[in-house]
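>
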Amino acid sequence: MVMETRFSLGGGGQQPQPAAPVPNAVGSNVNMAQQQQQSVDREKIFQWILELSSPDTRENALLELSKKREAVPDLAPMLWHSFGTIAALLQEIINIYPYINPANLTAQQSNRVCNALALLQCVASHRETRSVFLQAQIPLYLYPFLQTVCKNRPFEYLRLTSLGVIGALVKTDEQEVITFLLTTEIIPLCLRIMENGSELSKTVATFILQKILMDETGLSYICQTYERFSHVAVILGRMVLSLAKEQSARLLKHVIRCYLRLCDNGRAREALRQCLPDELKDNTFATCLRDDRNTKHWLQQLLKNLEPPAGNSSSSAITPLAPQ
């Protein structure tokens with residue numbers, strides 16, 4: 001990395017103050033030391049990337065690169081364009097498949113594959129590699145992990161990290177991402193985790209659904225048929241009932257955002273007028289949302305949107321399906 005050095009020239013032939021060169025010299029030495037350290041670090045990064053190609057050195061390389069991924073802005077292109085690296089990461093994923101059904105995954109195996117997933121998340125997040133990441137259909141390799149139901153820690157960590165990769169994709173708000181995901185089974189996978197996962201996994205899965213709904217194509221897709229809409233409505237309703245017992249402001253926020261976005265579709269709005277859980281209409285979550293002004297505003301907006309229209313004329317609504 002080239003460090004920019006700026007020089008300031010005094011006017012009128014004045015001599016510099018005697019003390020001036022001292023801090024400048026110190027700063028220069030510090031910059032040189034930083035450059036040397038950064039050079040060493042990048043050399044280590046390149047070395048670890050090379051070590052991914054060998055099964056004997058891969059585990060440590062995965063660990064080190066996953067720890068450094070936030071500090072290396074161009075790590076994603078480095079990983080994508082280095083020979084055999086993505087294949088090595090996919091091999092780590094495939095190697096775990098025999099251990100997820102039947103459930104026989106150890107903590108060490110889970111940690112190792114999650115380090116590989118963390119690097120794939122890095123690739124998914126980067127603007128230069130996101131499109132090719134999708135074109136290679138790499139997210140599909142993660143779906144077997146999202147299908148698991150075992151609730152012990154290694155499996156929960158595996159599901160959560162896999163969700164993180166998809167979450168990194170949808171966070172970009174790019175049409176290409178939503179278009180790709182709608183051709184896959186990501187919505188039913190997220191809905192199952194939203195119903196049965198841990199609080200954190202539920203939160204990430206609901207965030208993914210929210211991001212899909214925020215896209216016009218995603219909203220139209222979910223509201224296109226009775227089956228799709230009702231599946232989403234039932235799961236959201238069950239989540240509200242569950243949250244009434246074990247409240248989580250973070251998770252509730254995303255649930256409300258999903259409901260609010262569904263209201264932008266006329267037929268879905270008519271259905272929600274009949275099947276929105278009562279817990280969102282009374283004071284069940286008043287304490288939970290006491291300090292969350294944004295979520296309180298979204299809930300108020302949701303209830304306002306669902307007020308019966310003047311005249312209450314009949315409409316061609318999706319047949320509502322009440323939460324069970």
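Residue numbering for the sequence shown follows full-length UniProt numbering, beginning at 1 and increasing consecutively. Virtual Cβ for every residue (Gly too), placed ideally from N, Cα, C.
Look at the alpha carbon of Ser-201 and the alpha carbon of Glu-156, and state the distance between them as a whole number of angstroms.
What you label residue 201 is simply residue 201 of the sequence shown in a count that begins at 1. What you label residue 156 is simply residue 156 of the sequence shown in a count that begins at 1. Cα to Cα, the separation comes out at about 8 Å.
> With distances taken from CA atoms, which of Ile-235, Ala-168 and Val-177 is nearest Thr-217?
Here residue 217 is taken as the residue at index 217 of the sequence shown, counted from 1. For Thr-217, the nearest C-alpha among the options comes from Val-177.
> Between the beta-carbon of Ser-259 and the beta-carbon of Leu-236, is there less than 8 Å?
As a first step, residue 259 is located in the sequence shown; it is residue number 259 there, counting from the start. As a first step, residue 236 is located in the sequence shown; it is residue number 236 there, counting from the start. A small correction: the amino acid at residue 259 is Tyr; Ser does not occupy that position in the sequence shown. Yes, they are a contact pair.
> What separation, rounded to the nearest whole angstrom, lies between the Cα atoms of Phe-133 and Val-123?
Here residue 133 corresponds to residue number 133 of the sequence shown, with the count starting at 1. Here residue 123 corresponds to residue number 123 of the sequence shown, with the count starting at 1. The straight-line gap from Cα to Cα measures roughly 7 Å.
> Which of the three DSSP states is assigned to Ala-118 in this structure?
Walking along the sequence shown from the start, residue 118 turns up at place 118. Reduced to three states, the DSSP call for Ala-118 is helix.
> Excluding the 5 residues preceding and the 5 following Arg-257 in the sequence, name in chain order all residues of the same chain whose CB lies nearer than 7 Å to its CB.
As a position in the sequence shown, residue 257 is number 257, starting the count at 1. Result list for Arg-257: Gln-210 and Trp-298, in chain order.
> Out of Leu-289, Leu-189 and Ser-82, point me to the one whose CA is closest to Gln-247's CA.
What you label residue 247 is simply residue 247 of the sequence shown in a count that begins at 1. Ranking the options by Cα distance to Gln-247, first place goes to Leu-289.
> Which ranges does the alpha helix (DSSP H) cover as unbroken runs of at least 4 residues, wholly within the region 110-186, from first to last along the chain?
Listed in chain order, the complete alpha helix (DSSP H) runs (minimum 4 residues) inside the region 110-186 are 130-135, 143-146, 153-170 and 175-182.
> For Leu-79 versus Ile-49, is the C-beta distance shorter than 8 Å?
For the purposes of this step, residue 79 is identified with residue 79 of the sequence shown, where counting begins at 1. For the purposes of this step, residue 49 is identified with residue 49 of the sequence shown, where counting begins at 1. Yes. Within cutoff.
> Give me the Cα-Cα distance between Pro-139 and Thr-57, rounded to the nearest whole angstrom.
Your numbering for residue 139 matches position 139 in the sequence shown. Your numbering for residue 57 matches position 57 in the sequence shown. Near 25 Å, if we compare the C-alpha coordinates of Thr-57 and Pro-139.
> Just tell me which of Met-194, Glu-92, Ala-268 and Ile-208 has its CA closest to the CA of Val-240.
Residue mapping note: residue 240 aligns to position 240 of the sequence shown, counting from 1. For Val-240, the nearest C-alpha among the options comes from Met-194.
> Tell me the DSSP secondary structure of Ala-310 in three-state form.
In the sequence shown, residue 310 corresponds to position 310, counting from 1. Coil, per DSSP.
> Skipping 5 residues on each side, what residues in its chain have a beta carbon closer than 6 Å to that of Leu-52?
Counted from its first residue, the sequence shown places residue 52 at position 52. Once the five neighbours on either side are set aside, the close Cβ partners of Leu-52 are Arg-58, Ala-61, Thr-85 and Ala-88.
> Give me the Cβ distance between Leu-252 and Thr-295, rounded to the nearest whole Å; I'm assuming they're in contact under 8 Å.
For the purposes of this step, residue 252 is taken as the residue at position 252 of the sequence shown. For the purposes of this step, residue 295 is taken as the residue at position 295 of the sequence shown. Confirmed, about 7 Å.
> Quick check: what's the CA-CA separation for Ser-162 versus Tyr-141?
Mapped onto the sequence shown, residue 162 falls at position 162. Mapped onto the sequence shown, residue 141 falls at position 141. Distance between the alpha carbons of Ser-162 and Tyr-141 is about 10 Å.
> Report back the beta-carbon spacing between Val-170 and Leu-117 to the nearest angstrom; my notes put them in contact at under 8 Å.
As a working note, residue 170 is residue 170 in the sequence shown. As a working note, residue 117 is residue 117 in the sequence shown. So it is not a contact: roughly 16 Å between Cβ atoms.
> In the region 38-119, which residue ranges form an unbroken alpha helix (DSSP H) of at least 4 residues, counting only runs that do not cross its ends?
Those alpha helix (DSSP H) runs which fall completely within the region 38-119 and span 4+ residues are 58-68, 75-81 and 85-100.
> Taking Leu-181 as the reference, which of Thr-284, Asp-215, Asn-152 and Pro-98 has the closest Cα?
Here residue 181 corresponds to residue number 181 of the sequence shown, with the count starting at 1. When only C-alpha atoms are compared, the closest one is Asp-215.
> Going by C-alpha distance, which of Ser-220, Ile-187 and Ser-54 is nearest Phe-83?
In the sequence shown, counting from the first residue as 1, residue 83 sits at position 83. Ranking the options by Cα distance to Phe-83, first place goes to Ser-54.
> Using C-beta distances below 7 Å, list every residue in its chain close to Glu-199, excluding the 5 sequence neighbours before and after it, in chain order.
As a position in the sequence shown, residue 199 is number 199, starting the count at 1. For Glu-199, where only same-chain residues beyond five positions count, the Cβ hits under 7 Å are Ser-248 and Leu-251.
> In chain order, what residues of the same chain lie with their CB nearer than 7 Å to the CB of Val-72, ignoring the 5 residues before and after it?
Counting from one through the sequence shown, the residue named residue 72 turns up at place 72. Within the same chain, Val-72 has close Cβ partners Ile-45.
> Quick one: residues in its chain with C-beta nearer than 7 Å to the C-beta of Thr-129, no 5 flanking neighbours on either side, listed in chain order?
For this step, residue 129 is matched to residue 129 along the sequence shown. Closer than 7 Å at the Cβ level, and outside the excluded window around Thr-129, lie Ala-76, Pro-77, Trp-80 and Val-123.
> Got a sec, what are the start and stop residues for the alpha helix (DSSP H) Leu-213 sits in?
Walking along the sequence shown from the start, residue 213 turns up at place 213. 199-214 is the span of the alpha helix (DSSP H), which, as asked, contains Leu-213.
> Go ahead and pull the three-state DSSP assignment for Asn-305.
In the sequence shown, residue 305 corresponds to position 305, counting from 1. Note: Asn-305 maps to helix in three-state DSSP.
> CA-CA distance, Glu-279 and Glu-43?
Position 279 of the sequence shown, counted from the first residue, corresponds to residue 279. Position 43 of the sequence shown, counted from the first residue, corresponds to residue 43. Cα-Cα distance, rounded: 57 Å.
> What residue range is occupied by the uninterrupted alpha helix (DSSP H) comprising Leu-252?
Here residue 252 refers to the residue found at position 252 of the sequence shown. Where Leu-252 is concerned, the enclosing alpha helix (DSSP H) stretches over 249-262.
> Express the C-alpha separation of Leu-120 and Val-255 in angstroms, rounding to a whole number.
By one-based count along the sequence shown, residue 255 stands at place 255. By one-based count along the sequence shown, residue 120 stands at place 120. Roughly 27 Å between the two C-alpha positions.
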